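Here's the structure we're looking at; comments come further down.
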Ligand SMILES: Nc1ncnc2c1ncn2[C@@H]1O[C@H](COP(=O)(O)OP(=O)(O)O)[C@@H](O)[C@H]1O
Ligand SMILES: [Mg+2]
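Numbering (the working numbering), first residue to last: 589 to 882.
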C-alpha cells in the first residue's frame, strides 16, 4: 500500500501546499487534493498514512452534507467521475481524495468548539487562564464541560495556534462575523456530538474554518475529521485518565514517547504506528458514517 505524499498536477497552477492538502486553481474554483501526509504539532512527518486523504475527504463530505441545513459550505463537486473530466493529469492515485470548492477568504481565526476540557484549554486552565469562560473549579483533564464552549485561536502561519480572547478575536474578524462564526460553530458541534454519541464516540472538541465570499460567510476546509477533532471511545471515557481515541492522538503519543523535540523535519513513523493510525482512522470513518471504507 502506497501513501500519496504529494500530488503533482503540472497542468494546473498550485495555489497552496498545506501540511496535508494541495490546492490548485481550477477555472475560478479551487481543486483540493487531500494527500496522505500526516502532521503533528504542526510538523509534517517523513512518511504518510496510506488512504488517509481519502478517509478525511469522505468523512468531511459526509458531514458537509449532514450539516448543510445549519450553514452553507464550500463544496461545488465531490464526484470523481465529474472531477476527472476537468483534470487532464488525472490518475487513479487521486480517486476519492479530490473536491472542487468555492474559493473563499479564510478568516484569520480557527473556530474551535469544545465539550470537554483537554489539550491547550486544560493547560491554560491549570495556569488560571480560562479565556473569559465561566468554568467551574476542580475540572480534571478530559472532564465534560457544563456546556460546550467556543474558543477561537489564531491561525499562525508559523508555529502553534494561540487561544484568543473574545475581544481579540472580534478585532480580527469584526463583531458581526465573529457572532455568526461562533453560533454556527456551536450549533454544528452540538449536532455532530449528538450523532457521534449514537455511534459510541465522544466528540471532545473540533476545529472549523470559515471563509468570506461575495455571498457571505461559508464553512470551508475539512470538517469533523480525526485530524481536526478529538474522538473518544464513549464507553471507556473517564476524566483524569488518558482517553482511548480514534484520532491523531496515537501519533502524538508515539512522538512524545521517542522524545522528539517538535522541530522539523518530523521523524519517520514506524510501520506499526502507521498501521494502527490507519486502522483508527478507518474505524472512525466507518462508525461515524455507517459506511464501509473501500
Ligand atoms: N474554500 C476555500 N477557499 C480558500 N482556502 C481554503 C478553502 N478551503 C480550505 N482552504 C485552505 O486550504 C488549506 C488546506 O490545506 P491544509 O493542508 O489543511 O493547510 P494548512 O497547513 O494551512 O492547515 C488551508 O490553509 C485552508 O485554510
Ligand atoms: Mg489545515
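All C-beta atoms, glycine included, are put in the ideal place defined by N, C-alpha and C.
For clarity, every value in this text was computed on a predicted model and none was experimentally measured.
Of the candidates 638, 623 and 633, 623 places its Cα closest to the Cα of residue 687. A straight-line Cα-Cα distance of about 37 angstroms links residue 771 and residue 849. By the Cβ-count criterion, residue 656 is exposed, with fewer than 16 other Cβ atoms from all chains shown falling within 10 Å of its own Cβ. Remark: C-beta atoms of residue 774 and residue 805 do not approach each other more closely than 7 angstroms.
A distance of 7 angstroms or more separates the beta carbons of residue 827 and residue 777. Under the rule that a run must span 3 or more residues, no beta strand (DSSP E) segment is found entirely inside the stretch 748–775.
Around the beta carbon of residue 680, a 10 Å sphere encloses fewer than 16 other beta carbons of the protein chains shown; the residue is thus reported as exposed.
Inter-residue distance for residue 833 and residue 818 is about 7 angstroms (C-alpha atoms, whole angstroms). Residue 793: member of the beta strand (DSSP E) spanning 789–801, first to last residue. Shown in chain order are the residues whose CB sits closer than 6 angstroms to a heavy atom of ligand 1: 604, 606, 607, 608, 609, 611, 618, 662, 689, 690, 691, 692, 694, 797, 799, 808 and 809. Distances from the CA of residue 615 to each of 801, 601 and 627 were compared; the closest alpha carbon is that of 601. One Cα belongs to residue 780, the other to residue 590, and the distance between them is close to 32 angstroms.
By a beta-carbon distance limit of 8 angstroms, residue 660 does not contact residue 698. Their separation comes to about 19 angstroms.
Under a 10 Å Cβ-count criterion, residue 782 is classified as exposed, with fewer than 16 other Cβ atoms of the shown protein chains found around its own Cβ. Using a Cβ distance threshold of 7 angstroms, residue 685 and residue 621 count as a contacting pair. In this chain, the beta strand (DSSP E) harbouring residue 613 covers 609–614. For residue 870, the uninterrupted alpha helix (DSSP H) segment begins and ends at 859–877. The alpha carbon of residue 810 has as its nearest neighbour, out of 701, 724, 609 and 791, the alpha carbon of 609.
Taking a cut-off of 8 angstroms on C-beta distances, the stretch 847–863 touches the stretch 626–638, as three or more cross pairs fall below it. Straight across, the Cα-Cα distance linking residue 869 with residue 766 is about 32 angstroms. Taking 7 angstroms as the cut-off, the beta carbon of residue 706 is found no closer than this to the beta carbon of residue 873.
If you draw a straight line from the Cα of residue 830 to the Cα of residue 730, it comes to about 8 angstroms. Linking residue 821 to residue 867 through their CA atoms gives a straight-line distance of about 14 angstroms. At a Cβ-Cβ threshold of 7 angstroms, residue 696 and residue 760 count as neighbours.
DSSP, read as helix, strand or coil, puts residue 650 in helix.
Counting only runs that start and end inside the stretch 591–644, the beta strand (DSSP E) elements of at least 3 residues fall at 602–605, 609–614 and 617–622. Listed in chain order, the non-local C-beta contacts of residue 824 below 6 angstroms within the same chain comprise 832, local neighbours out to five positions each way being set aside.
In this structure, residue 877 lies away from residue 652, with their beta-carbon atoms at least 7 angstroms apart. The alpha-carbon separation between residue 882 and residue 668 amounts to approximately 15 angstroms.
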